[in-house]
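Numbering (the numbering used here), first residue to last: 17 to 768.
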Amino acid sequence: MVKENHKQTSKSKDFPEDVARWRILLKTIQAAFPSPWKEEGDDQIFEQTFLNAVGQLNQMKHPRMYQEQKAWQGYLGDPALPDYSCCKNVKFEEQMQSLPEVITELVGFFNGMPNWNHPQTMCNVVPPSNTASIIGSTLAQIFSPNILEGEYSWNIAKTEIESGAMLAQMIGWDPHKAGGIYTFGGTGCYFYGLKLALTTVFGKDSRFKGIREDGQILVSREGHFIKETCSDWSGLGMNNVREIPVDEHNRMDINALKKVMADCKKEGKPIVMIVCTMGTTDAFAIDQIAEVRKLIDKYKNSKRYPKPLLYADAVIGWSWLAFRSYDFEKNSLQFSKKALEVLKYNYEQIKPLHHADALGVDFHKTGWAPYNCSFFITRDYDTFSELLSRPSPAYLQDRTPYNPFKFTFETSRTGSYAMSGWATLRLFGHEGYQVLLGRIIEVGIFFRDLLHKDKNLVCVNPDNHGFVTLFRVYPKHIDAEKQYEQDLNDPRCQDELRAYNLLQQRVANKLFAMLRDPEQKVPGWENPPYTSFTSGYRPPEYAPEETDSRNLIYALKAFPMSPNSNEISMQIVRNYVLKARDIVIAELMQEYTPEDEILASKETDSGSGMRTADNWFGDNQDIPLKYLVPSKDADLSIEEMVKNNPFCSHLSDGQVRQLLAESNAKSIEAGEVICAEGEKADKVYLIVNGKVKVYKTDSKGHETGLAIIEKGNLFGEMALFDKGIRSASVMSIEPCQLYIFRGDIFLELVLG
Ligand SMILES: Cc1ncc(COP(=O)(O)O)c(C=O)c1O
């Protein structure tokens, strides 16, 4: 291709024959950049190329394999899972590739990627990006305002300053005093928080001499694992993180915090930072920051060090601040009564965020902006910048009054973060966020109602209304709410908890396989939602410190982050979950493994390397059948009893009704012979109540017991398939209620 270009250009009248080849190639290279100045036609090449790439990407929303269900699947292009086996064989080519070819290849990398905008894509707090933010971020890439400061990109820098002002207003801080910087994710924000904390407590000098004290970080057990990343990377050390237990609302236990603060004092260890987690993905844990502030205000750090910094990890929860201006009485957006209560509650939890000294905001999570785009903000920007300023001038020069390069961790800093964050704040304003968040709550409430109405489904996070609904599905004969209550609270039922945990995992895998594996597409059920799964939502009530992952509560998860997810999306989730459950149980019954083998089996190692669609969420393990199909003792309807027998489980409800309509019900006393050895076998019996014994009698009249058959079971059917003559006798050993079927009708229906 490049050679062709070469040929074409070398023939061009612009280039005489004796022009050096590099000059000719340079022409191709120049054409691979946006035009340097406005000339009719040149700018349009870039614009068209860009549009064309976006067009190619959009085409991938129409999967090739299922043309008839255009634009419905929640992923782009082919469903294929990753295969990295050939990546190391890629060649760094000798010659240039053509631009269109490279673009087509680039677009190809999006194959299989979830389409986050799709209403059925609900697998995490990963929002689709709004158009203003995509464009903001992309425009910044076109002119690449590297180093977000005054030297090169002074107007782009305004988006950072203005974002700080808008966020300060949301928080309730003075925008003239507060401010911050865009950085690399919630982790970057935490890292800035820790650096500020260390410098506040140990003084500026510590930046030269190093940290010589075991400064302590106090953070809730529910806090994100970046507590370890940041303490590790800062050199403070992970052992200096003290995890505080949580209360029943997953909030840091204030009494426990008090005690740890007192312990630190006794041990002579200064606390550098207390972190309040303001929203987590699953539990939506929100710490009581006002209480923590009071404790800090009263606290005297050991060795007379200054007070610890109060950092709020608000990357998930921050956007609820948009309800600051909402009049919940007037309810101008007309949210439903139930939703309004939740919205108000969530806002009230987040509102005291202003007590923090500094906090982190993720636009790429609950801001509906592209990855990654985070803002670290502190209430006292001048102190922050002064404390962290470089000791000697950087090689960059102050050309404007705005020079964050003097204290940022990053040297190069993209303008994309700031442009997309700013665009998002401008686009949505308070009301946009109110609608986006309100919609999640409305849809979530609708889903929870659906779960509640279904006997086999139960919501496991009914008390928290964040971005996700966690739920469990149980077999058809199980009342999900009762069973979950038991799974959660009864230590004697740990085997059941484990069995139903494995069922959740298998259902999650099945949904994923139905979505991703063309061979596992179920006719009529080709478009499953992309939901998620956790194998560690919470410990059971009776073992709060449980560490064996098999005994934690597993759950399916649905995050309707897309603004397109609505009530219908949630109905689809429910239906697919039930369908996947049915398929899983049917498969398990076919692959039946004796239960003692299952119970003896150890937890299997998920192994290394790539997962397949079959075990995306963890290895599928066998589950004892007794947990999946009704026990014979269960209080079943007659119809269910019939269907619960292996001969009859395939019968339709209509066929079962027909069978029952043709039967006789009979009550008998204990000790009655129901059928005798040697007789013609022309009836089949269902024990609705009571017990019978099956026995043979020899020529001397000695009896040999063969079996006891209990309520819910059929007997007599074997003789129909065999010789038509009873090979044993059956006698009631308790008063019995029987349903007696005519053998010919029974056979006809069973054999189809
Ligand atoms: C509560 C919380 N804090 C921090 C982080 C880390 O943020 P980021 O991924 O933007 O670095 C996450 C999630 O990933 C989180 O859920």
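Using N, Cα and C, we set each Cβ at its ideal position, and we do this for glycine too.
Item, Value
"Beta-carbon proximity check, Met76 vs Phe108, cutoff 8 Å", "no"
"Ligand 1 site residues, beta-carbon cut 6 Å against heavy atoms", "Gly201, Gly202, Thr203, His240, Ile242, Thr293, Thr296, Thr297, Asp329, Val331, Ile332, Asp378, Asn388 and Ser390"
"Met747: first and last residue of the uninterrupted beta strand (DSSP E) it sits in", "Ser745 to Ser748"
"For Phe224, the nearest candidate out of Phe483, Ser405, Val377 and Glu244 (CA to CA)", "Ser405"
"Reduced DSSP category for Arg309 - H, G, I as helix; E, B as strand; rest coil", "helix"
"Own chain residues within Cβ distance below 7 Å of Phe633, not counting five before or after", "Gln521, Ala524, Asn525, Phe528 and Phe549"
"Closest by C-alpha distance to Lys314, when choosing among Tyr327, Asn162 and Lys274", "Lys274"
"Tyr387 - DSSP class collapsed to helix/strand/coil", "coil"
"Distance between Pro491 and Asn256 (C-alpha atoms, nearest Å)", "46 Å"
"Three-way DSSP call (helix, strand, coil) for Met626 in this model", "coil"
"Separation of Asn705 from Leu767, as counted between CA atoms", "27 Å"
"Own chain partners of Arg464 with C-beta closer than 8 Å, once the 5 adjacent residues on each side are dropped", "Cys475, Pro478 and Thr485"
"Cβ shell of Ala272 (< 7 Å), same chain only, five flanking positions each side left out", "Ile260 and Pro261"
"Simplified DSSP state of Gln637, which is helix, strand or coil", "coil"
"Unbroken stretches of the beta strand (DSSP E), 3 residues or longer, contained in the segment 226-314", "232-236, 257-260 and 287-293"
"Alpha carbon of Lys618 to alpha carbon of Thr382, nearest angstrom", "Interpretation of Lys618 is limited by its pLDDT of 48, a score under 50 that renders its predicted location unreliable; no figure is taken from the coordinates."
"Expected contact under 8 Å - CB spacing of Pro576 and Ser585 to nearest Å", "6 Å"
"Buried or exposed (CB count within 10 angstroms, at least 16 for buried), Tyr206", "buried"
"Contact the segment 321-329 vs the segment 350-363: 3+ CB pairs below 8 Å", "no"
"Whole-angstrom distance between Asn146 and His481, CA atom to CA atom", "23 Å"
"Cross-strand partners of Ser548 (DSSP beta bridge)", "Lys573"
"Coarse secondary structure for Ser318, derived from DSSP in three states", "helix"
"Contact with chain C by Glu229, beta-carbon distance below 8 Å", "Absent from the structure is chain C; it holds one protein chain and no more."
"Contact the segment 432-441 vs the segment 179-188: 3+ CB pairs below 8 Å", "yes"
"Helix, strand or coil at Ile494 [DSSP, three-state]", "coil"
"Continuous beta strand (DSSP E) assignments of at least 3 residues falling wholly in the segment 77-154", "none"
"Identity of the residues DSSP links to Tyr198 by a beta bridge", "Phe391"
"8 Å CB neighbourhood of Glu561 in its chain, flanking five on each side removed", "Pro555"
"Contact belief for Ala723 with Val710 at Cβ below 8 Å, rounded distance in angstroms", "4 Å"
"Opening and closing residue of the beta strand (DSSP E) in which Glu719 lies", "Glu719 to Glu726"
"Backbone secondary structure at Val658 - three-state DSSP", "helix"
"Cβ shell of Ile187 (< 6 Å), same chain only, five flanking positions each side left out", "Leu369 and His370"
"Contacts around Asp760, its chain only, beta-carbon distance under 7 Å, and the 5 residues preceding and following it disregarded", "none"
"Spatially closest choice to Tyr516 from Lys537, Leu572 and Leu466, by CA coordinates", "Leu572"
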